[in-house]
Amino acid sequence: MPVRKNISEVKNYINGRFERKNQNSMDVFSPIDGFKISTIPLSTREDLDAAVLAAKNAFPSWSRMTFKERVQIFFRYRNLLEQHMDELTKLVQLENGKLYGEAKAEVEKSMELCEFAVSMPQIVVNEIQEVSKGVECRTERKPLGVVASITPFNFPNMVPHWTLPNALVLGNTMVMKPSELVPLSTVRMAELLKEAGLPDGVFNIVNGGKDVVEAICDHPDIKAVSFVGSTKVAKIVYKRATSTLKRCVALGGAKNHLLVLPDANPKMTASNVVASMSGCAGQRCMAASVMVGIDKVQHIIDLMVEAAKEIVPGDNLGSVITAESKERIESYITEAENDGAIILLDGRNTSVNGKEGGYYVGPTIIDYVTIDMSVAREEIFGPVISIIRAKDLDEAIEIENGSNYGNAAAVFTQSGGLAKQVMERASAGMIGVNIGVPVPREPFSFGGWNESKFGVGDITGRSSIEFWTQNKKTTTKWNPEAQTNWMS
Ligand code: NAD
Numbered sequence: 000m001p002v003r004k005n006i007s008e009v010k011n012y013i014n015g016r017f018e019r020k021n022q023n024s025m026d027v028f029s030p031i032d033g034f035k036i037s038t039i040p041l042s043t044r045e046d047l048d049a050a051v052l053a054a055k056n057a058f059p060s061w062s063r064m065t066f067k068e069r070v071q072i073f074f075r076y077r078n079l080l081e082q083h084m085d086e087l088t089k090l091v092q093l094e095n096g097k098l099y100g101e102a103k104a105e106v107e108k109s110m111e112l113c114e115f116a117v118s119m120p121q122i123v124v125n126e127i128q129e130v131s132k133g134v135e136c137r138t139e140r141k142p143l144g145v146v147a148s149i150t151p152f153n154f155p156n157m158v159p160h161w162t163l164p165n166a167l168v169l170g171n172t173m174v175m176k177p178s179e180l181v182p183l184s185t186v187r188m189a190e191l192l193k194e195a196g197l198p199d200g201v202f203n204i205v206n207g208g209k210d211v212v213e214a215i216c217d218h219p220d221i222k223a224v225s226f227v228g229s230t231k232v233a234k235i236v237y238k239r240a241t242s243t244l245k246r247c248v249a250l251g252g253a254k255n256h257l258l259v260l261p262d263a264n265p266k267m268t269a270s271n272v273v274a275s276m277s278g279c280a281g282q283r284c285m286a287a288s289v290m291v292g293i294d295k296v297q298h299i300i301d302l303m304v305e306a307a308k309e310i311v312p313g314d315n316l317g318s319v320i321t322a323e324s325k326e327r328i329e330s331y332i333t334e335a336e337n338d339g340a341i342i343l344l345d346g347r348n349t350s351v352n353g354k355e356g357g358y359y360v361g362p363t364i365i366d367y368v369t370i371d372m373s374v375a376r377e378e379i380f381g382p383v384i385s386i387i388r389a390k391d392l393d394e395a396i397e398i399e400n401g402s403n404y405g406n407a408a409a410v411f412t413q414s415g416g417l418a419k420q421v422m423e424r425a426s427a428g429m430i431g432v433n434i435g436v437p438v439p440r441e442p443f444s445f446g447g448w449n450e451s452k453f454g455v456g457d458i459t460g461r462s463s464i465e466f467w468t469q470n471k472k473t474t475t476k477w478n479p480e481a482q483t484n485w486m487s
C-alpha cells in the first residue's frame, strides 16, 4: 500500500515559487481506492502569461551559460531522483494506480533520460570548416527560447522527462502542463530541480486541461510545443500549435500488434504477450493490444490464458485511471462479445477487497476477433488483448498495416528470416523481435508512425536535439594574405 504523501493543494509553479490564485479548481482522486488526494487550479490565460513571462525572462542568462554549466545541474538532479526513488515511486503509485515495481521502473527511466541529457556536450559539437582561403563557415546549435511540454496521465514521472532534461540542457526554458489526473509527480520534480540549483523561471508549471492547452498552442511567446496523449487531442494540438507557426511534435495513441508464428518459443511468447498487454494495467502506449496468431498457435494461446490467470487485480495488477476508463474498457469487451468474439478470460466486474472504490479491470483475452470489430481497430487502453487469426505471415502483416496507428509492432518466432520480414514490412515506428514492449533505450529515440505521431523527428534521443534547437550559420572572412600585425 503506497504511503500517502499529502500534496493537498497543487499550485502552479512560476518563477521558482508555488502560487495559487483564487480560481476554479478540480479534484484529484487516487485510482487505487477512489479517495480524493488533492485539487489542482484550472489555470487561466493570465497564469499562463505569468509562467511564459518568467520563462522568457530566465532565457537570456540560462541560454548564455555554457553547456557544461547547465549539465552540472542535471547531474545533481539525476542523483536527487535516485536519492528520492522510493518517495517518487510511491507518488506515481498514488496518483496513477500502477504497481510499485512499475512506478519504480518509470523513475529509473527518468534517470536514464537525464543521463542522456548530461551527455549532450559530448555529442552536440558545433561544426567549423575553412570553405575557401580565409573564409570559415560554422554551424552552431542554438536554443529556441520558451518551449512547452504537455503530458498524459499514464507515466506521471517518465513522460515529463522525455522533454524536460533535453530541452533545458540545450538552453531552452519551459512551461510544463501535466495531466490534470496526475499532477503530483511534477510538483516534486520542480522542488528537486530547484534543490539541484536550477535558476528560477527556467522551469514552470501550469495546471488544468483543455483551456490552458489551447492557450499554450496560441501563445505568441512560446516557440515550440511537445505533446504526448491521445490521437484525438494530438491532432487538435498539432493543428493549433502549427497554425500559430510553432514547431510541434505530438505523440498520439496506439494499437500495437504482436505477430505470433507457430515456431515461437511457447512459454516465453505467452509470458511476454501477457506481460505486454497487462503491465501498467494495459495503459502503456507500447502495450500489446492485438495478437495476430498465425496458423497453428493454439498451444501458445492456451499458455497465455494460463499465464493471465495468475494476474490478480490489486495484487500484481494495478488499477486503471478513472471510473470512466473502467466503464469504457468493459463496454469494449461487451461489444466484442455481442459481435461474436469469444471471451477466453473476462476481466469485467472486478473489485478488490478493501479498495472497493478503486478502478480495476482484470486481464482479458478475447479470441476470434475479426478486423471489423472495434476491439481490433480502436485503442482500448486497458489489460485487454484481442486475438485475430491469420493463415500466413502475409495476411498478418496486412492486418498490422491496416491499423491507423503505428507506435509498436512485434514478432515472435525463432526464424530470423521471418522476423526480418516483419522488421521491414510492419508499419510502425518501434519494432520488437521476441520482445513484447519494444521501447528503445537511450540514446535511441522514441516515436511512432502514422496516427501515433504528428510532426518531424522523435521526442527523445538524438532526434530531440534537432527539435529543441535551431542552427545558426556564420560565415567569417579574415585576410591571411594581408599579414597585418597590429601588435607592432
Ligand atoms: P489525453 O489526450 O486525454 O490528454 C493528454 C493531455 O492533453 C493532458 O495534459 C490533457 O489535459 C490534455 N487534453 C485533454 N483533452 C484535451 C483537449 N480536448 N484539448 C486540449 N488538450 C486536452 O491523453 P491521456 O488520457 O492523458 O493519456 C493516454 C493517451 O496517451 C493514450 O492514447 C496513449 O496511447 C497516449 N500516449 C501516447 C504515448 C506515445 O508515445 N505515443 C505515450 C504515452 C501516452
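The sequence shown lines up with residues 0 to 487 when you count with numbering that gives the first Met the number 0. Beta carbons are placed, not taken as given, at the ideal position from N, Cα and C, and that holds for glycine.
Tell me whether methionine 429 sits in a helix, a strand or coil according to DSSP, three-state version. Three-state result, methionine 429: strand.
Quick one: is the Cβ of threonine 150 within less than 7 angstroms of any heavy atom of ligand 1? Yes, ligand 1 has a heavy atom inside 7 angstroms of this Cβ.
Any heavy atom of ligand 1 within a distance shorter than 7 angstroms of the CB on leucine 41? For leucine 41, the shortest separation between its Cβ and any heavy atom of ligand 1 does not lie below 7 angstroms.
With a Cβ-Cβ cutoff of 8 angstroms, do threonine 333 and tyrosine 358 count as a contact? Tyrosine 358 sits away from threonine 333, with the two beta carbons spaced by 8 angstroms or more.
Contact the stretch 377-391 vs the stretch 268-276: 3+ CB pairs below 8 angstroms: They touch, by the three-pair rule.
So, is asparagine 315 buried or exposed, given that buried needs 16 or more other C-beta atoms within 10 angstroms? Its Cβ having fewer than 16 others within 10 Å, asparagine 315 is exposed.
Look up arginine 69 in the DSSP assignment and give the residues it is bridged to. Looking at the DSSP assignment, arginine 69 forms no beta bridge with any residue, so it has no partner.
Of the residues Val436, Arg187, Lys238, Met285, which one's Cα is nearest the Cα of phenylalanine 453? The option with the nearest alpha carbon to phenylalanine 453 is Lys238.
What are the complete beta strand (DSSP E) segments, minimum 3 residues, inside the stretch 370-452? 383-389, 407-411, 429-432, all fully within the stretch 370-452.
Quick one: Cα of asparagine 153 to Cα of alanine 54, how far? Going by C-alpha positions, asparagine 153 is about 27 angstroms away from alanine 54.
Exposed or buried, which one is aspartate 46 when buried takes at least 16 other CB atoms within 10 Å? Buried, because 16 or more other Cβ atoms sit within 10 Å of the Cβ of aspartate 46.
Is it the case that the CB of phenylalanine 380 approaches a heavy atom of ligand 1 more closely than 7 angstroms? Yes, Cβ of phenylalanine 380 sits closer than 7 angstroms to a heavy atom of ligand 1.
Would you check if the distance between the CB atom of glycine 196 and the CB atom of serine 451 is smaller than 8 angstroms? Going by C-beta atoms, glycine 196 is not nearer than 8 angstroms to serine 451.
Got a sec: does ligand 1 put a non-hydrogen atom nearer than 7 angstroms to the Cβ of glycine 228? Glycine 228 Cβ: within cutoff of ligand 1.
Does the beta-carbon of leucine 183 have 16 or more other beta-carbons within 10 angstroms, so that it is buried, or is it exposed? Classification of leucine 183: buried, given that the 10 Å Cβ count is 16 or more.
Going by the beta-carbon positions, is the gap between isoleucine 293 and aspartate 391 smaller than 8 angstroms? Cβ distance < 8 angstroms, so isoleucine 293 and aspartate 391 count as in contact.
Does the pairing of the stretch 67-86 with the stretch 213-224 give three or more beta-carbon distances under 8 angstroms? Per the Cβ contact rule, the stretch 67-86 is not in contact with the stretch 213-224 (fewer than 3 Cβ pairs under 8 angstroms).
Runs of alpha helix (DSSP H) lying entirely within the stretch 295-346, each at least 4 residues, in chain order: List check, alpha helix (DSSP H) in window: 297-308, 322-337.
Sort Ser118, Ser62, Val205, Lys176 by Cα distance to arginine 19 and report the nearest one. Measuring C-alpha to C-alpha distances from arginine 19 to each of Ser118, Ser62, Val205, Lys176 identifies Val205 as the nearest.
For the structure I just gave you, are there three or more beta carbon pairs, one from the stretch 432-449 and one from the stretch 402-417, closer than 8 angstroms? Yes: at least three Cβ pairs fall under 8 angstroms.
What does DSSP give as the partner residues of glutamate 76 in its beta bridges? Strictly speaking, residue 76 in this sequence is tyrosine, with glutamate absent from that position. Paired residue(s): none; tyrosine 76 is not in a bridge.
Distance, Cα to Cα, proline 362 vs alanine 306? Going from the Cα of proline 362 to the Cα of alanine 306 covers about 10 angstroms.
Once you ignore the five residues that flank aspartate 210 on each side, which residues in its own chain have a CB closer than 6 angstroms to its CB? A distance below 6 angstroms between beta-carbons, with the five flanking residues on each side excluded, links aspartate 210 to no residue of its chain.
DSSP three-state label for proline 59, please. In the three-state DSSP reduction, proline 59 falls in the helix class (H, G or I).
Touch test, the stretch 154-168 against the stretch 21-35, Cβ-Cβ under 8 angstroms, three pairs minimum: In this structure the stretch 154-168 does not lie against the stretch 21-35, because fewer than three pairs of beta carbons, one per stretch, are closer than 8 angstroms.
Glutamate 378 classed as buried or exposed, judged by whether at least 16 other C-beta atoms fall within 10 angstroms: Burial call: buried.
At what residues does the alpha helix (DSSP H) containing serine 184 begin and finish? Segment 183-194, the alpha helix (DSSP H) holding serine 184.
With a threshold of 7 angstroms (Cβ to nearest heavy atom), would leucine 112 be considered close to ligand 1? Distance from the C-beta of leucine 112 to the nearest heavy atom of ligand 1 is not below 7 angstroms.
Proximity to proline 40 [Cα-Cα], best of Gly200, Arg187, Glu8: By alpha-carbon distance to proline 40, the top candidate from Gly200, Arg187, Glu8 is Glu8.
Chain-order list of residues whose beta-carbon lies under 7 angstroms from that of glutamate 329 (same chain, five-residue window excluded): Closer than 7 angstroms at Cβ, skipping near neighbours: Arg347, Val360.
Classify serine 277 as helix, strand or coil using the three-state DSSP reduction. Note: serine 277 maps to helix in three-state DSSP.
Tell me, to the nearest whole angstrom, how far the beta carbon of glutamine 22 is from that of threonine 38; I am working on the premise that it is less than 8 angstroms. Incorrect: roughly 11 angstroms between the Cβ atoms, too far for contact.
Assigned secondary structure, aspartate 28 (DSSP; H/G/I helix, E/B strand, else coil): Sequence inspection shows phenylalanine at residue 28; the aspartate mentioned does not correspond to that position. Of the three classes helix, strand and coil, the one that applies to phenylalanine 28 here is strand, per DSSP.
Give the C-beta separation of glutamate 441 and glutamate 105 to the nearest angstrom, bearing in mind that I take them to be a contact with Cβ-Cβ under 8 angstroms. Actually they do not touch by this definition, with Cβ atoms about 14 angstroms apart.
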